[in-house]
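**Student:** There's a structure below that I have some questions on.
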Amino acid sequence: MSLSAPTCIGASVSRIDGPAKVTGAAKYAAEYVAPDLAHGYVVTSRIARGRIRRIDVSRARRVAGVIDVLTHDNRPQMAAQDDAYRDDVAPEGAPFRPLYNDRILFSGQPIAVVLAEDPEAARFAATLLGVDYDEEPHVTDFLGQRDAAVAAPKGAFGPPPARGSVETALEAAPVRHDADYYVPAETHNPMELYATTAIWDADGRLTVYDKTQGVQNAHTYLCGVFGLKPEDLRVMSPYMGGGFGSGLRPQYQVVLAVLAAKALRRPARVVLTRAQMFELGYRPAMIQRISLGADADGTLRAIAHDAVTMTSRYEDFYRQETGWSGLLYACANASYAHRLARLDLPTPCDMRAPSAATGVYALECAMDELAVALNMDPIALRLKNYSERDQHSGDPYSSKNLRACYEQGAEAFGWAGRAPEPRAMRDGDELIGWGMATGVWEALQMSIGVRIVLSANGHAEVSCATSDIGTGTYTIMAQVAADMLGLPLQDISIRLGDSTLPRSPVEGGSWIAASVANGIAATADAIRADVLRLAQGLPHAPLAGAGPDDVELAEGCVVSRADPSRRTPIADALRHARLERIEREHLTEFAAPKLAHNTHSAVFAEVRIDEDLGLIRVTRVVSAVAAGRILNAKTARSQIMGGVVWGVGMALHEETLIDPAFGRIMNANIADYHVPVNADIHDIEVIFVDEPDAEINHLGVKGLGEIGIVGVAAAIANAVYHATGTRVRDLPITLDKLRR
Amino acid sequence: MINFDYVRATSAADAVSRIAAFPGAKFIAGGTNLVDLMKEDVERPPRLIDISRLPLNRVEDIQGGGLRIGALIANADLAGAPPVAQRYPLLGDALRAGASGQLRNMASVGGNLMQRTRCCYFYDLATPCNKRRPGDGCSARDGLNRAHAILGASVACVATHPSDMCVALAALDAIVHVRGPTEGRALALTDFHRLPGDTPDRDTNLEPDELITAVELPPKGFAEHYSYLKIRDRLSYAFALVSVAAALDLDGDRIREARIALGGVAHKPWRDARVEDAMRGEPANAATFGAAAQALLRDARALAHNAFKIDLAARTVVRALTQAARGTPQSQTDKRIG
Numbered sequence: 095m096s097l098s099a100p101t102c103i104g105a106s107v108s109r110i111d112g113p114a115k116v117t118g119a120a121k122y123a124a125e126y127v128a129p130d131l132a133h134g135y136v137v138t139s140r141i142a143r144g145r146i147r148r149i150d151v152s153r154a155r156r157v158a159g160v161i162d163v164l165t166h167d168n169r170p171q172m173a174a175q176d177d178a179y180r181d182d183v184a185p186e187g188a189p190f191r192p193l194y195n196d197r198i199l200f201s202g203q204p205i206a207v208v209l210a211e212d213p214e215a216a217r218f219a220a221t222l223l224g225v226d227y228d229e230e231p232h233v234t235d236f237l238g239q240r241d242a243a244v245a246a247p248k249g250a251f252g253p254p255p256a257r258g259s260v261e262t263a264l265e266a267a268p269v270r271h272d273a274d275y276y277v278p279a280e281t282h283n284p285m286e287l288y289a290t291t292a293i294w295d296a297d298g299r300l301t302v303y304d305k306t307q308g309v310q311n312a313h314t315y316l317c318g319v320f321g322l323k324p325e326d327l328r329v330m331s332p333y334m335g336g337g338f339g340s341g342l343r344p345q346y347q348v349v350l351a352v353l354a355a356k357a358l359r360r361p362a363r364v365v366l367t368r369a370q371m372f373e374l375g376y377r378p379a380m381i382q383r384i385s386l387g388a389d390a391d392g393t394l395r396a397i398a399h400d401a402v403t404m405t406s407r408y409e410d411f412y413r414q415e416t417g418w419s420g421l422l423y424a425c426a427n428a429s430y431a432h433r434l435a436r437l438d439l440p441t442p443c444d445m446r447a448p449s450a451a452t453g454v455y456a457l458e459c460a461m462d463e464l465a466v467a468l469n470m471d472p473i474a475l476r477l478k479n480y481s482e483r484d485q486h487s488g489d490p491y492s493s494k495n496l497r498a499c500y501e502q503g504a505e506a507f508g509w510a511g512r513a514p515e516p517r518a519m520r521d522g523d524e525l526i527g528w529g530m531a532t533g534v535w536e537a538l539q540m541s542i543g544v545r546i547v548l549s550a551n552g553h554a555e556v557s558c559a560t561s562d563i564g565t566g567t568y569t570i571m572a573q574v575a576a577d578m579l580g581l582p583l584q585d586i587s588i589r590l591g592d593s594t595l596p597r598s599p600v601e602g603g604s605w606i607a608a609s610v611a612n613g614i615a616a617t618a619d620a621i622r623a624d625v626l627r628l629a630q631g632l633p634h635a636p637l638a639g640a641g642p643d644d645v646e647l648a649e650g651c652v653v654s655r656a657d658p659s660r661r662t663p664i665a666d667a668l669r670h671a672r673l674e675r676i677e678r679e680h681l682t683e684f685a686a687p688k689l690a691h692n693t694h695s696a697v698f699a700e701v702r703i704d705e706d707l708g709l710i711r712v713t714r715v716v717s718a719v720a721a722g723r724i725l726n727a728k729t730a731r732s733q734i735m736g737g738v739v740w741g742v743g744m745a746l747h748e749e750t751l752i753d754p755a756f757g758r759i760m761n762a763n764i765a766d767y768h769v770p771v772n773a774d775i776h777d778i779e780v781i782f783v784d785e786p787d788a789e790i791n792h793l794g795v796k797g798l799g800e801i802g803i804v805g806v807a808a809a810i811a812n813a814v815y816h817a818t819g820t821r822v823r824d825l826p827i828t829l830d831k832l833r834r
Numbered sequence: 036m037i038n039f040d041y042v043r044a045t046s047a048a049d050a051v052s053r054i055a056a057f058p059g060a061k062f063i064a065g066g067t068n069l070v071d072l073m074k075e076d077v078e079r080p081p082r083l084i085d086i087s088r089l090p091l092n093r094v095e096d097i098q099g100g101g102l103r104i105g106a107l108i109a110n111a112d113l114a115g116a117p118p119v120a121q122r123y124p125l126l127g128d129a130l131r132a133g134a135s136g137q138l139r140n141m142a143s144v145g146g147n148l149m150q151r152t153r154c155c156y157f158y159d160l161a162t163p164c165n166k167r168r169p170g171d172g173c174s175a176r177d178g179l180n181r182a183h184a185i186l187g188a189s190v191a192c193v194a195t196h197p198s199d200m201c202v203a204l205a206a207l208d209a210i211v212h213v214r215g216p217t218e219g220r221a222l223a224l225t226d227f228h229r230l231p232g233d234t235p236d237r238d239t240n241l242e243p244d245e246l247i248t249a250v251e252l253p254p255k256g257f258a259e260h261y262s263y264l265k266i267r268d269r270l271s272y273a274f275a276l277v278s279v280a281a282a283l284d285l286d287g288d289r290i291r292e293a294r295i296a297l298g299g300v301a302h303k304p305w306r307d308a309r310v311e312d313a314m315r316g317e318p319a320n321a322a323t324f325g326a327a328a329q330a331l332l333r334d335a336r337a338l339a340h341n342a343f344k345i346d347l348a349a350r351t352v353v354r355a356l357t358q359a360a361r362g363t364p365q366s367q368t369d370k371r372i373g
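Below, the structure is given as structure tokens:
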């Protein structure tokens, strides 16, 4: 008798939650109903800074169906200390408190929520509110505040320590490149609107269905803000229509829904509009200055990376854009600086590949410019400075197969056929440009709890409080559990997005796949030991004397690895012990890795440009990714393709436009806020290079939520230069910039 | 969103009498623009009069040539109608350049004529806008005006008209038929929309109690030499930065007649009869097209962020005329510019 090898991990498995989503069985935060549900519509501030003098709610209250209008004047009690509002991922500062007082911190700030028997009445009544303000001068012009920016506070995201002597090395370098790169503010725009439905149960406990990337983060936050006992509150987010980082922090609608539920002692729902979602956080606009010095053979001698990014006046949000430059390439001298321009805007937040999408964009454009100055092939320059060690710590990598990304990506793209000079490749009237860039992200893992309930009937339920924000977490959890428990995929059910489930960090940073997969494996180990112990209780036990490491769970049995004919069905083992199920909950902690750990990619882009009119088409992208073990070939490919599409948007389309006179976002809708449409997207090829990693964790998983976008904008910008000879250093590369 | 009531018109005459009797009421057909504006509280009609079921959705040949297009035919249906495809392909292409398939299935011809500007300040009640409330001021003039007008703007308003269809209709000398409470009348498409002047709140010369019943195309369709070229910030589903409807009647390589209409540059589709007249008898070549483009843009004025549109418009005119002369109109599916 032979043993079939585990087949689920790595396979191209369609999403197990797909049928529920396409049939509508999967409910999202705004879809939960309860008798007497009150519907809230949010009213936001017209001004960017000042105070509310008066809110006249009398006309709104007279509208038929209106129950109440909550403002800072009449809301239920909320905590008075900043600490209560500081969630797991809050930056330094005094967090925003929705409806707390009369202070206006940004245009679009919620100042009232109209509660009615139906959403239409609430929305109509919201138009009847009379609001008087005492306006104060505001500042939202980022570029105008560049010189007024202050040093970012030292903290977890502060720039890494400098090394060597950058100024001396730059001065001595025979070839040098210095330039500023601009990235505008950008907005996440997940498909699902932010929404919360808060429902009381008969015992006075509250269940909050929230759109969030962290149900336990939201749970802790709400307990703090409202002084709730943890057991009296449950936060649920089983499905989420995209987050991209915008749902890492609890958003204001969850506070408003709970305020409403408390004020009315009724269930309440608050759904934001698309325009309101533009005020929830955004990728901050930034200017990055990069200085590179190199020898004539391309050896990097110095890297200086300075960033100025925007934040609000009440919190210092920033991420480490600059550190990527010193990490990626071998270079003895590196320095960094990060300054913040504090503006009358909401606090920015994480957006897919926070710091890397932007920092690596600037670095990889600068490397391309250096390659031009050196008259070197862009890949050759990167290989010349290839680093086998983390340049900050000096540690070797647990695995780093970026070299294979360059090789396989270049091969698939046909890079060898590239004419090195700009403007040298054409097809009729169109200029063709080929550009490339490196991508890099972290390979993080966080403590995570997993519970497995294995039933005698051969079914297993795996639960964890993590979220599936649309990435495929349900599916990879089921795949790992199926292999580890030796059960078919369809006999695994997954529960997540519930604050009462075993502990999980927020779903971000690409850390959930590695964390939860290894958490399931570790918990399954405990289950296996339990099953073995029970099997050994059977008379004439075939596995007598075996230890947990001598057996595995496969084909519904506990099986000897050495002799697969020695086996006991799991059902027999449980039934003999008169157990219907066995249950294990295990918190998996990850030791601080001894080795450096990152994911990498090489991105190649082809653009075709009508130079006369400035029109750019991105006709081909090849993304070769080294991200350890791939858990699901299909969802992984989808992740990378999504990142590439977003990278096209970052390069050519996306920009959150803020009018400095009003301090307002003026394209707060997805008609005017441009993302790529089908016509903008052509061939995208995704390659996963082999990258076995026995060090990073048991399963060798690194995660790939972020890596797909990193490097894409730079590859396209570099391709645009190669096509035209014009270097556009501010995103998005619109036709007016190309032609000026 | 403001509450409103809703009635359904039973005939064109009924529609007109209903709107005459209820000041502030609006007709609704596809609703692809009006409903958006109502959601944003920009339009606040107390009553909607639904005309979508009126029998104004036919495309009929006119005796002696020409085509009569019912005001309620959907943009998608009109684009695919055989007489349009065969005799007025410029119109079909302009329709396909606009919006998305879903919107074109809903949007009517009359509604397309009545489209309001996409100026972001017009949509945002927190900012002043003379078009929304006369006398409040224009926020775009010194604001985010990258997409705004370079021709025919006023101190009061720098907004542009967003339609693609109307640009082609302007080039084709279309005639708009309307019906009022007592009588009907016909307006040239080029006289239908207004320049903003001191009254930017009025987009068109249609009276509040008039209903658009049809658009008439004269016999001449320029089906041999035409092109609709739309330049935008992404390759589909975006409003034009500049668009050009070009049509030529050639005698060998000489121009017998030229039509050029520009979209995205003014408060109305932009034509200049003097420029077209000057092209008569000239060779259909780059020099003629370049001179025409320069002449069309000679009065263009840039705001802080839209200076690029002047040069872009000139280049787009030349390219569209070149495509038209070659008989290789711009494809509306392949996004490569020919």
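Going line by line, the protein sequences match chains A and B. To convert, count from 1 in the first sequence and add 94; that's my numbering. To convert, count from 1 in the second sequence and add 35; that's my numbering. Glycine included, C-beta positions come from ideal geometry on N, C-alpha and C.
(1) List, from N- to C-terminal side, the beta strand (DSSP E) runs of 3 residues or more that fit wholly inside the region 683 to 751 of chain A.
(2) Candidates TYR412/A, VAL352/A, THR820/A: which alpha carbon is nearest GLY187/A's?
(3) So GLU524/A contacts chain B; which residues on that side make the cut at Cβ distance below 9 Å?
(4) Report buried or exposed for HIS634/A, applying the criterion of at least 16 other Cβ atoms within 10 angstroms of its Cβ.
(5) Give the single residue among SER604/A, ARG589/A, LEU709/A whose Cα lies nearest to the Cα of ARG597/A.
(6) Which same chain residues, not among the five before or five after MET95/A, have their C-beta less than 6 Å away from its C-beta?
(7) Do we get a CB-CB distance below 7 Å when we pair ARG148/A with the residues of chain E?
(8) Going along chain A, which residues have a C-beta under 8 Å from PHE343/B?
(9) Considering Cα atoms alone, identify which of THR351/B, LEU126/B, ARG131/B is closest to GLY256/B.
(10) DSSP three-state label for GLN382/A, please.
(11) If you scan the region 165 to 240 of chain A from start to end, which runs of the beta strand (DSSP E) of 3 or more residues do you find wholly inside it?
(12) How many angstroms separate the CA atom of ILE586/A from the CA atom of THR290/A?
(13) If you scan the region 95 to 173 of chain B from start to end, which runs of the alpha helix (DSSP H) of 4 or more residues do you find wholly inside it?
(14) Could you check the C-alpha separation between ARG237/B and VAL697/A for me, to the nearest Å?
(15) Going by beta-carbon coordinates alone, are ARG678/A and THR617/A separated by less than 7 Å?
(16) For the candidate residues ARG153/B, LEU207/B, GLY215/B, HIS212/B, whose alpha-carbon lies nearest to that of VAL193/B?
(17) Count the other CB atoms within 10 Å of the CB of ASP176/A; is the residue buried (16 or more) or exposed (fewer)?
(18) If you compare alpha carbons, which of PRO124/B, LYS61/B, ARG103/B, ILE97/B is closest to GLN365/B?
(19) Taking only three categories from DSSP, how would you classify PRO663/A?
(20) If I measure Cβ to Cβ from LEU798/A and keep anything under 7 Å in the same chain, skipping five residues before and after, which residues do I get?
(21) In terms of DSSP beta bridges, what is VAL783/A paired with?
(22) Report the option in ASP208/B, SER189/B, ALA258/B whose CA atom is closest to the CA atom of VAL300/B.
(23) Express the C-alpha separation of SER46/B and PRO235/B in angstroms, rounding to a whole number.
(24) Three or more C-beta pairs under 8 Å: does that hold for the region 562 to 582 of chain A against the region 641 to 651 of chain A?
(25) Assess, as a yes-or-no matter, whether the region 760 to 770 of chain A is touched by the region 806 to 824 of chain A under the definition of 3 or more beta carbon pairs within less than 8 Å.
(26) Going residue by residue through the region 287 to 336 of chain B, where are the continuous alpha helix (DSSP H) segments of at least 4 residues, counting only ones entirely within it?
(27) Pick helix, strand or coil for TYR815/A, following the three-state DSSP scheme.
(28) Hey, would you say ILE803/A sits closer than 7 Å to GLY741/A, going by beta carbons?
(29) Going by C-alpha distance, which of ASP643/A, PRO113/A, ALA120/A, SER106/A is nearest GLY591/A?
(30) Apart from the five residues on each side of it in sequence, which residues of its chain come closer than 7 Å, Cβ to Cβ, to ASP824/A?
(31) Does any residue of chain B have a CB that is nearer than 7 Å to the CB of HIS133/A?
(32) By DSSP, does ARG214/B sit in helix, in strand, or in coil?
**Tutor:** According to the structure shown:
(1) 692 to 704, 709 to 720
(2) Position 93 of the first sequence, counted from the start, is the residue given in the question as residue 187/A. Taking only the C-alpha atoms, the option nearest GLY187/A is TYR412/A.
(3) Within the first sequence, the letter at position 430 stands for residue 524/A. Neighbours of GLU524/A on chain B, chain order: ARG371, ILE372.
(4) The residue labelled residue 634/A in the question sits at position 540 within the first sequence. Exposed: under 16 other Cβ atoms inside 10 Å.
(5) In the first sequence, counting from the first residue as 1, residue 597/A sits at position 503. Selected option, being the one with the closest Cα: ARG589/A.
(6) By 1-based counting over the first sequence, the position of residue 95/A is 1. Confidence at MET95/A is low in this model, with a pLDDT of 48, below 50, so the placement of that residue is unreliable and no value is reported for it.
(7) Looking at the structure shown, chain E is missing, and the protein chains on hand are A and B.
(8) One-based indexing of the second sequence puts residue 343/B at position 308. The answer, in chain order, is LEU829, ASP830, ARG833, ARG834.
(9) Sequence index remark: in the second sequence, residue 256/B carries index 221 (1-based). The candidate whose alpha carbon is nearest that of GLY256/B is LEU126/B.
(10) As a first step, residue 382/A is located in the first sequence; it is residue number 288 there, counting from the start. Of the three classes helix, strand and coil, the one that applies to GLN382/A here is strand, per DSSP.
(11) 204 to 210, 224 to 229
(12) Position 492 of the first sequence holds residue 586/A. Position 196 of the first sequence holds residue 290/A. The alpha-carbon atoms of ILE586/A and THR290/A are separated by roughly 29 Å.
(13) 110 to 115, 117 to 122, 124 to 132, 136 to 141, 144 to 148, 155 to 158
(14) Within the second sequence, the letter at position 202 stands for residue 237/B. Within the first sequence, the letter at position 603 stands for residue 697/A. One C-alpha to the other measures close to 51 Å.
(15) Within the first sequence, residue 678/A is the residue found at index 584, counting from 1. Within the first sequence, residue 617/A is the residue found at index 523, counting from 1. Cβ distance < 7 Å, so ARG678/A and THR617/A count as in contact.
(16) Here residue 193/B corresponds to residue number 158 of the second sequence, with the count starting at 1. Among ARG153/B, LEU207/B, GLY215/B, HIS212/B, the Cα nearest to that of VAL193/B belongs to ARG153/B.
(17) Within the first sequence, residue 176/A is the residue found at index 82, counting from 1. Classification of ASP176/A: exposed, given that the 10 Å Cβ count is below 16.
(18) For this step, residue 365/B is matched to residue 330 along the second sequence. Checking every option, the nearest Cα to that of GLN365/B belongs to PRO124/B.
(19) The sequence position of residue 663/A within the first sequence is 569, counting from 1. Three-state result, PRO663/A: strand.
(20) Translated into positions along the first sequence, residue 798/A becomes position 704. For LEU798/A, where only same-chain residues beyond five positions count, the Cβ hits under 7 Å are SER604, THR693, VAL719, ALA721, ALA730, GLN733, ILE734.
(21) Along the first sequence, read from residue 1 onward, the residue named residue 783/A stands at position 689. Answer is none; VAL783/A lacks a bridge partner.
(22) The residue you call residue 300/B lines up with position 265 of the second sequence. Checked all of ASP208/B, SER189/B, ALA258/B; the closest Cα to VAL300/B is SER189/B.
(23) Position 200 of the second sequence, counted from the start, is the residue given in the question as residue 235/B. Position 11 of the second sequence, counted from the start, is the residue given in the question as residue 46/B. When rounded, the distance between both Cα atoms is 31 Å.
(24) yes
(25) no
(26) 308 to 314, 321 to 331
(27) The residue you call residue 815/A lines up with position 721 of the first sequence. Helix, per DSSP.
(28) Residue mapping note: residue 803/A aligns to position 709 of the first sequence, counting from 1. Residue mapping note: residue 741/A aligns to position 647 of the first sequence, counting from 1. Contact: yes.
(29) For the purposes of this step, residue 591/A is taken as the residue at position 497 of the first sequence. Minimum Cα distance to GLY591/A is reached at ALA120/A.
(30) In the first sequence, residue 824/A corresponds to position 730, counting from 1. Within the same chain, ASP824/A has close Cβ partners TYR276, LYS831.
(31) Locating residue 133/A in the first sequence gives position 39, counting from the first residue. No, because no Cβ of chain B sits closer than 7 Å to the Cβ of HIS133/A.
(32) The residue given as residue 214/B occupies position 179 in the second sequence. Strand, per DSSP.
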